[in-house]
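S.K.: Counting from 1, position 22 in the sequence shown corresponds to residue 21 in numbering that gives the first Met the number 0; the numbering is continuous, with no gaps. Glycine included, every Cβ here is placed at the ideal spot set by N, Cα and C. This structure is a prediction, so every number in the text was calculated from the model and none was measured.
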Amino acid sequence: MTSDYPNDSYMEMSPRVLVDEGVTLKSSLKQLHIKPTNLEALVWNLPAWRRTVKTGAAIYEANWITTTKAKRAARKSPAL
Numbered sequence: 000m001t002s003d004y005p006n007d008s009y010m011e012m013s014p015r016v017l018v019d020e021g022v023t024l025k026s027s028l029k030q031l032h033i034k035p036t037n038l039e040a041l042v043w044n045l046p047a048w049r050r051t052v053k054t055g056a057a058i059y060e061a062n063w064i065t066t067t068k069a070k071r072a073a074r075k076s077p078a079l
C-alpha cells in the first residue's frame, strides 16, 4: 500500500496529529456528555460504555433536531 506522504511513520508519530486527535476526542466526549475523567473506567466496562454512548448520542441528536427545527422556524417566519 502506497501513501502520498513521504514517510508513513512520521505521520503516525507527528505531535500535530496527536494533538488533533486529542482535541477531536475531547469534543466528541463533550457532545456525548461523557466526562473525560470517567473514560478509563467506561473503556474497561464494555456494556456500560455502549449504554453511555447510546444515551449520549440520543440526547445529542434530540438537541440537534430541536435546535434545527427552531432555526428553520425562525428562518421561515415572516419578517415584521
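Just curious, the alpha helix (DSSP H) that N37 is in, first and last residue?
M.R.: In the sequence shown, counting from the first residue as 1, residue 37 sits at position 38. From DSSP, N37 is part of no alpha helix (DSSP H); its letter is neither H nor E.
S.K.: Give me the Cα-Cα distance between H32 and R74, rounded to the nearest whole angstrom.
M.R.: Here residue 32 corresponds to residue number 33 of the sequence shown, with the count starting at 1. Here residue 74 corresponds to residue number 75 of the sequence shown, with the count starting at 1. The alpha-carbon atoms of H32 and R74 are separated by roughly 29 Å.
S.K.: Which of the three DSSP states, helix, strand or coil, is assigned to S76?
M.R.: Mapped onto the sequence shown, residue 76 falls at position 77. Here S76 sits in coil by DSSP.
S.K.: Give the secondary structure of I64 by DSSP, where H, G and I count as helix, E and B as strand, and everything else as coil.
M.R.: Mapped onto the sequence shown, residue 64 falls at position 65. Reduced to three states, the DSSP call for I64 is helix.
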